[in-house]
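Asker: After the structure tokens below, expect a handful of questions from me.
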Amino acid sequence: MDSKIPRNYTLDSHIVGQSSYAARNTGIRNTDSDVLAFVDADMTVPEDWLESALETFQTHDGDYMGCNVELTLPEDPTIAARYDHHTGFPIEQYLERQQFAPTCCLFVRRTVFEDVGLFDHRLLSGGDKEFGNRVHEAGYDLHFAADATMYHPTRNTLADLVKKDRRVGRGLCQLQRYHPDRYGRPGVPPRPSGLKSPESDLPAKDRLAFGALSRTLTGVRGLGYYQEYLTGERRTDLEGVPRLES
């Protein structure tokens, strides 16, 4: 039987005018656990998931681990849902190619936060990537737990996909604004990763539809990027990457 992740502690970051990464930092500071697990509220997991994931983490003497994520389709999926199911959450590729795992499925040892700092609370999106890249650059191993599977519902409308990709585009510009040495200076968006390209073994109808959606959403990310570039401002009221006292 599958079960929802319990909401034992929540903080609505939008109410306090801060990012989701600021909320995660608050959670980190309010626990003294040696290992911290990050999940999204809409994730579903098997009942023994936490024990199994922790065993994998400890067996590999892990410092940073991303879990496998499978997307679940509704009974009568829309083209948007099918596209999201086909392209969403390739965690192993994220770890191998971009050196990060999303915070919906992430395990991190506390000593890592003490060493490299917390999440960058100034970012609207991309804070999981920035943190993972920082962990990788510090010399820690990034592990993929293929046998610790979590389930996430698909985004089922074009509006949902557009909302996400617009936010991602804004986050790409913010990554450059706050971390130009790593991501380049604002003005030219980073090249797409290629993870959204439809696979060649799809039926021709789906391949054409997914290809059109991919190009459209790439454009949406570009619009989000330039929206942030033209209208966004550097947060001067916030310090840089916050530290965690050991």
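In case it helps, our numbering puts the sequence shown at residues 2 to 247. Don't be surprised by glycine CBs; every beta carbon is placed ideally from N, CA and C. The structure presented is a predicted model; accordingly, all values stated were derived computationally and were not measured.
Is it buried or exposed for Glu229, if we count other Cβ within 10 angstroms and need 16 for buried?
Answerer: It counts as buried.
Asker: Which residue's Cα is closest to the Cα of Thr60: Val221, His144 and Tyr179?
Answerer: Minimum Cα distance to Thr60 is reached at His144.
Asker: Quick one, which of Ala210, His122, Leu209 and Leu176 has its alpha-carbon nearest Thr27's?
Answerer: Answer by Cα proximity: His122.
Asker: Report yes if the C-beta distance between Leu125 and Gly63 is below 8 angstroms; otherwise report no.
Answerer: Not closer than 8 angstroms, so no.
Asker: Taking its Cβ as the centre, do 16 or more other Cβ atoms sit within 10 Å of Thr57, making it buried, or is it exposed?
Answerer: Burial call: buried.
Asker: Look at the alpha carbon of Ala146 and the alpha carbon of Ala102, and state the distance between them as a whole number of angstroms.
Answerer: Using only the alpha carbons, I get a separation of about 11 angstroms.
Asker: Helix, strand or coil, according to DSSP, for Pro190 in the structure here?
Answerer: Coil at Pro190, not helix or strand.
Asker: Measuring straight from C-alpha to C-alpha, what distance separates Leu1 and Gly133?
Answerer: Residue 1 is absent from the model: the chain starts at 2 and stops at 247.
Asker: Does the beta-carbon distance from Cys105 to Val169 come in below 8 angstroms?
Answerer: Cβ distance not < 8 angstroms, so Cys105 and Val169 don't count as in contact.
Asker: Would you mind working out which of Pro91, Glu240, Leu203 and Arg98 sits nearest Glu71, comparing C-alpha positions?
Answerer: It is Pro91 whose Cα lies nearest to the Cα of Glu71.
Asker: Rounded to a whole number of angstroms, what is the C-alpha to C-alpha distance between Glu93 and Cys68?
Answerer: Using only the alpha carbons, I get a separation of about 9 angstroms.
Asker: Candidates Arg25, Arg111, Tyr226 and Asp33: which alpha carbon is nearest Lys164's?
Answerer: The residue with the shortest Cα to Cα distance from Lys164 is Tyr226.
Asker: Tell me where the beta strand (DSSP E) around His153 begins and ends.
Answerer: Per DSSP, His153 belongs to the beta strand (DSSP E) from Leu143 to Pro154.
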